[in-house]
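Novice: Chains as they are written, first to last, in this note's numbering: chain F, 1 to 115; chain Y, 116 to 230. Even glycine gets a Cβ: it sits at the ideal position worked out from N, Cα and C. A quick note: this is a predicted structure, and the numbers were derived from the prediction, not measured. Just dropping this structure here.
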């Protein structure tokens, strides 16, 4: 049973445009959500997170939106840059933001930003 | 920063031998570390939660006698793959979190190939 789902295995966008990566979850106990970026043969790099008490969090070009009623979150990258090309993982935790709680990951979405 | 290192970055071993992978938090103390494995084009799968000074907590389906975890200090956790077999070949990644923040920081990963 996959509790965190990223239904789009890949996404291709033009440089300068907006990239929207989607994530759905099924476990209502999840209350903290994170996005990670990963290059091949490297560990994931933390991008941005959001607590369930918020519906939006912004950090530079990255914005995460959370719709609790739909159990859906999305990552917006604008403007997209070629260096953003990577696999993006959505992750969820039931630990209210505590870093000592285990994360459940989606399968990832490969983003390709074309020059 | 929050830097997590892993050693070795890649290892090739013969079937039946044991391999030890180290995970270190370089600039912060981590009471909890996590071990993941990732197969090609798959998500990160949590194997176990490593707690400093106590026994690790393993996820369902992970053999604790095969994947030995030791969290000897607040900056070091080790994963030993005992009697490795070709099906253990994978990308192993550790993570650690700082208590005040929700995100976990990942090591660069270790590519294990069992011949």
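My output table needs one value for residue 203 of chain Y: the three-state DSSP class, helix, strand or coil.
Specialist: In this structure, residue 203 of chain Y counts as helix in the three-state DSSP scheme.
Novice: Is the CB-CB distance between residue 23 of chain F and residue 103 of chain F below 8 Å?
Specialist: Cβ atoms of residue 23 of chain F and residue 103 of chain F: not closer than 8 Å.
Novice: Could you name the residues of the region 199-225 of chain Y whose beta carbon sits closer than 9 Å to any beta carbon of chain F, in the order they occur along the chain?
Specialist: Within the region 199-225 of chain Y, the residues whose Cβ lies closer than 9 Å to some Cβ of chain F are 206, 208, 209, 210, 211, 212, 213, 214, 215, 216, 217, 218, 219, 220, 221, 222, 223 and 224, listed in chain order.
Novice: Which parts of the region 140-221 of chain Y are runs of the beta strand (DSSP E), unbroken and 3 residues or longer, counting only runs that do not cross its ends?
Specialist: Those beta strand (DSSP E) runs which fall completely within the region 140-221 of chain Y and span 3+ residues are 147-153, 159-166, 182-188, 191-196, 205-212 and 219-221.
Novice: Please check if any C-beta of chain F sits within less than 8 Å of the C-beta of residue 149 of chain Y.
Specialist: So, interface residue.
Novice: Can you pull the chain Y residues whose beta carbon is under 7 Å from the beta carbon of residue 107 of chain F, in chain order?
Specialist: Correct list: 157 and 158.
Novice: Mind reading off the beta-carbon distance from residue 16 of chain F to residue 82 of chain F? Whole number of angstroms is fine, and I expect it under 8 Å.
Specialist: Residue 16 of chain F to residue 82 of chain F, Cβ: 10 Å. No contact.
Novice: Distance check for residue 132 of chain Y and residue 181 of chain Y, CA to CA, integer angstroms please.
Specialist: Approximately 11 Å, taken between the alpha carbons.
Novice: Report yes or no: do the region 58-77 of chain F and the region 139-154 of chain Y share at least 3 C-beta pairs separated by less than 8 Å?
Specialist: Because the criterion of three Cβ pairs below 8 Å is not met, the region 58-77 of chain F and the region 139-154 of chain Y do not touch.
Novice: Report yes if the CB atom of residue 60 of chain F is closer than 8 Å to the CB atom of residue 88 of chain F, and no otherwise.
Specialist: No, Cβ-Cβ distance for residue 60 of chain F and residue 88 of chain F is not below 8 Å.
Novice: Residue 64 of chain F to residue 58 of chain F, Cα distance in whole Å?
Specialist: Approximately 6 Å, taken between the alpha carbons.
Novice: Quick one: grab the DSSP three-state call for residue 84 of chain F.
Specialist: Residue 84 of chain F falls in the helix class under three-state DSSP.
Novice: For the region 158-174 of chain Y, which residues have a CB atom closer than 7 Å to at least one CB atom of chain F, in sequence order?
Specialist: Under the 7 Å Cβ criterion, the region 158-174 of chain Y contributes 158, 159, 161 and 164.
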